[in-house]
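Numbering (this note's numbering), first residue to last: 381 to 485.
Where a beta carbon is used, it is the ideal one built from N, C-alpha and C, also for glycine.
Bear in mind that the values here come from a model prediction, so they are computed numbers and not experimental data.
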């Protein structure tokens with residue numbers, strides 16, 4: 381299952397307001413002091429992607445990652461976008477979450 385909260389969708393629509401709408405990739409970011417985290421970036425569709433269209437915005441997730449990580453949810457909070465998933469990670473530092481990642485800090 382893949383979901384996008386109303387607040388995340390609203391913030392993405394605001395981001396694209398004066399820009400061309402591009403696909404948003406959900407991916408596993410393996411770098412950083414906090415260990416692996418789910419993240420988002422603008423990208424183009426690849427051959428091995430699952431795609432989800434929510435209110436005019438296309439989301440891309442590698443099919444293999446989607447199978448392992450679902451359910452995946454994109455939210456927006458005080459610190460920016462947050463991608464939550466069914467994956468469980470050991471955090472590398474006390475400030476990092478165990479099953480999601482955030483952008484915009």
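DSSP state of residue 490, grouped into three classes?
This structure leaves residue 490 out entirely; the chain is present only between 381 and 485.
Which term fits residue 485, buried or exposed, when burial requires 16 or more other beta carbons within 10 angstroms of its beta carbon?
At residue 485, the pLDDT of 38 sits below 50, so the modelled position is not reliable; the number obtained from the coordinates is stated separately. Residue 485 should be labelled exposed.
So, at 6 Å on beta carbons, what are the nonlocal neighbours of residue 457 in its own chain, with the 5 sequence-adjacent residues on each side left out?
The answer is none, since no qualifying residue turns up.
Write down every uninterrupted run of the alpha helix (DSSP H) in the stretch 422-481 whose length is 4 residues or greater and which is fully enclosed by it, in chain order.
Taking only runs of at least 4 residues, the alpha helix (DSSP H) segments lying wholly in the stretch 422-481 are 443-449.
Beta-carbon within less than 8 Å of residue 425's beta-carbon, same chain only, minus the 5 sequence neighbours each way: which residues are those?
Result list for residue 425: 403, 431, 438, 440, in chain order.
Specify the secondary structure class of residue 389 as computed by DSSP and reduced to three states.
Residue 389: helix per DSSP, three-state reduction.
Classify residue 411: buried if its beta carbon has 16 or more other beta carbons within 10 angstroms, exposed otherwise.
Under this definition residue 411 is an exposed residue.
Should residue 463 and residue 452 be called a contact, given that it needs their Cβ atoms to be closer than 8 Å?
Against a cut-off of 8 Å, the Cβ pair of residue 452 and residue 463 comes out as a contact.
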